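Heads up, the sequence shown is in the working numbering, so the first residue is 44 and it goes up one at a time. All C-beta atoms in this analysis are idealised placements derived from N, C-alpha and C, irrespective of residue type, glycine included. None of these values were measured; they are calculated from a predicted model. To start, the structure itself, in structure tokens.
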Amino acid sequence: MKFFIDTADLDEIAEAKSWGCLAGVTTNPSLYMKTGGKLADFEGHMLKIAELCEGLPVSAESTATTAEGMVEEGRRLAALAPNIVVKLPVCAEALAATHQLASEDIRVNMTLVFSPTQALLAANAGARYISPFVGRFDDIAEDGIQQLANVVACLGNYDWSGKNVDDRVEVITASVRTPNHVTQAALLGADIATVPFAALKKCLAHPLTERGLAQFEADWEKVKNA
Ligand code: G3P
Numbered sequence: 044m045k046f047f048i049d050t051a052d053l054d055e056i057a058e059a060k061s062w063g064c065l066a067g068v069t070t071n072p073s074l075y076m077k078t079g080g081k082l083a084d085f086e087g088h089m090l091k092i093a094e095l096c097e098g099l100p101v102s103a104e105s106t107a108t109t110a111e112g113m114v115e116e117g118r119r120l121a122a123l124a125p126n127i128v129v130k131l132p133v134c135a136e137a138l139a140a141t142h143q144l145a146s147e148d149i150r151v152n153m154t155l156v157f158s159p160t161q162a163l164l165a166a167n168a169g170a171r172y173i174s175p176f177v178g179r180f181d182d183i184a185e186d187g188i189q190q191l192a193n194v195v196a197c198l199g200n201y202d203w204s205g206k207n208v209d210d211r212v213e214v215i216t217a218s219v220r221t222p223n224h225v226t227q228a229a230l231l232g233a234d235i236a237t238v239p240f241a242a243l244k245k246c247l248a249h250p251l252t253e254r255g256l257a258q259f260e261a262d263w264e265k266v267k268n269a
């Protein structure tokens, strides 16, 4: 399973990228708002992320509400850099926009997916990535991982050749809150987890690693002083 980072913060992206295991970036309007970004700077900011992560897919979300608007904004975002993926929230307008954008070889990440039927419709419309949300199910006392499992199983039953420029659909586990979400997503075969930086750091940390390292360092001091 690949790791994407779910943030629009350039410092967080740069640090995660320095680890050497980052495969992409996802953003959304809320994440951009958290950076303090202004409307006029949105496309420039997406371009900065795309340049920082050259060669890796960077999802930039359209806020248009009509199919025509999404296509127009999607074309503009995709023209910023070759690694920009247009992110659209699943709805009838976005399916139509996805179909058009896919016919122009523009990659779409369909977001706010909460059911297998939404995922199947998105893949058939031409989405390159499908983003089922996990944490928001947990927020309402439902099992987000089981919902993700259903999406992965349904999409995995079919060959998506001819539906988008890459002839494949990848599931991005989104709304990830904990390392356990990441582990469960990998166990059930999700292609990607997009993880906020705070959760990514929790994925790396382990108290036994810290304890073991402290022991090695203390013992090495003894070797040096022997
Ligand atoms: O990728 C979608 C993600 O940003 C949503 O996460 O924590 O707002 O549910 P959250």
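- request: Provide the residue span of the alpha helix (DSSP H) that contains G255, from first to last.
  value: Within the sequence shown, residue 255 is the residue found at index 212, counting from 1. According to the DSSP assignment, G255 belongs to the alpha helix (DSSP H) that extends over 250-268.
message: Tell me the DSSP secondary structure of Y201 in three-state form.
response: Residue 201 sits at position 158 when you count from the first residue of the sequence shown. Three-state result, Y201: coil.
Reduced DSSP category for A103 - H, G, I as helix; E, B as strand; rest coil: Along the sequence shown, read from residue 1 onward, the residue named residue 103 stands at position 60. A103: strand per DSSP, three-state reduction.
- request: Please work out which residues of its chain come closer than 6 Å, Cβ to Cβ, to L231, disregarding the five sequence neighbours upstream and downstream, and give them in chain order.
  value: Indexing the sequence shown from 1 puts residue 231 at position 188. A192, V195, listed in sequence order.
message: Is T106 near the ligand G3P - that is, is its Cβ less than 8 Å away from at least one heavy atom of it?
response: In the sequence shown, residue 106 corresponds to position 63, counting from 1. Taken from the Cβ of T106, every heavy atom of the ligand G3P lies 8 Å or farther away.
- prompt: If we count the other Cβ atoms within 10 Å of its Cβ and call it buried at 16 or more, is Y201 buried or exposed?
  reply: The residue labelled residue 201 in the question sits at position 158 within the sequence shown. Counting Cβ neighbours within 10 Å, Y201 comes out exposed, since fewer than 16 surround it.
field: Distance between L82 and D217 (C-alpha atoms, nearest Å)
entry: On the sequence shown, position 174 is the one that residue 217 refers to. On the sequence shown, position 39 is the one that residue 82 refers to. Sequence check: residue 217 is Ala here, not Asp. Distance between the alpha carbons of A217 and L82 is about 24 Å.
- request: Out of R211, V219, K130, L247, point me to the one whose CA is closest to D186's CA.
  value: Counted from its first residue, the sequence shown places residue 186 at position 143. Ranking the options by Cα distance to D186, first place goes to V219.
- request: Return the CA-CA distance between D148 and V212, expressed in angstroms with no decimal places.
  value: Stepping through the sequence shown from its first residue, residue 148 is reached at position 105. Stepping through the sequence shown from its first residue, residue 212 is reached at position 169. Rounded to whole angstroms, D148 to V212 spans 14 Å at the Cα level.
- prompt: For the beta strand (DSSP E) that E213 lies in, which residues bound it at each end?
  reply: On the sequence shown, residue 213 is found 170 positions in, with the first residue counted as 1. Residues 213-216.
message: For Q143 and V114, what's the separation of their Cα atoms in angstroms?
response: Residue mapping note: residue 143 aligns to position 100 of the sequence shown, counting from 1. Residue mapping note: residue 114 aligns to position 71 of the sequence shown, counting from 1. So the alpha carbons of these two residues sit roughly 7 Å apart.
- request: Take the Cβ of K267 as the centre, count every other Cβ of all protein chains shown within 10 Å, and call the residue buried at 16 or more, exposed below.
  value: Position 224 of the sequence shown, counted from the start, is the residue given in the question as residue 267. By the neighbour-count definition (other C-beta atoms within 10 Å, threshold 16), K267 is an exposed residue.
task: Measure the Cβ-Cβ separation of L120 and V129 and say whether it is below 9 Å.
output: Position 77 of the sequence shown, counting from 1, holds the residue named residue 120. Position 86 of the sequence shown, counting from 1, holds the residue named residue 129. Yes.
query: Is L247 helix, strand or coil when you go by DSSP?
result: Along the sequence shown, read from residue 1 onward, the residue named residue 247 stands at position 204. Reduced to three states, the DSSP call for L247 is helix.
message: Only counting the same chain, and skipping five residues up and downstream in sequence, which positions put a Cβ closer than 6 Å to that of A107?
response: To locate residue 107, count along the sequence shown from 1; it is residue 64. Scanning its chain for C-beta atoms nearer than 6 Å, with the 5 sequence neighbours on each side dropped, one finds around A107 the residues M113, E116, in chain order.
query: Curious, which full-length beta strand (DSSP E) runs of at least 3 residues does the segment 51-121 contain?
result: Qualifying beta strand (DSSP E) stretches, in chain order: 65-69, 101-104.
- request: Quick one: grab the DSSP three-state call for P132.
  value: For the purposes of this step, residue 132 is taken as the residue at position 89 of the sequence shown. Residue state, collapsed to three classes: strand.
- request: Give every residue of the same chain whose Cβ lies closer than 7 Å to the Cβ of M44, excluding the five residues on either side of it in the sequence, and list them in chain order.
  value: Here the question's residue 44 lines up with position 1 in the sequence shown. Only A228, A229, A233, D234, I235, A236 meet the Cβ criterion.
- request: My understanding is that V177 touches H224, with C-beta atoms under 8 Å, so please give their C-beta distance in whole angstroms.
  value: As a working note, residue 177 is residue 134 in the sequence shown. As a working note, residue 224 is residue 181 in the sequence shown. At roughly 5 Å, the Cβ-Cβ gap stays under 8 Å, so V177 and H224 are in contact.
task: Kindly indicate the opening and closing residues of the alpha helix (DSSP H) around L164.
output: Walking along the sequence shown from the start, residue 164 turns up at place 121. In this chain, the alpha helix (DSSP H) harbouring L164 covers 159-168.
Best match in F180, T226, E104 for proximity to T70 [C-alpha to C-alpha]: The residue labelled residue 70 in the question sits at position 27 within the sequence shown. In terms of Cα proximity to T70, the closest of F180, T226, E104 is E104.
query: Taking the DSSP output, what are the residues bridged to A236?
result: Position 193 of the sequence shown, counted from the first residue, corresponds to residue 236. Paired residues: F46, T216.
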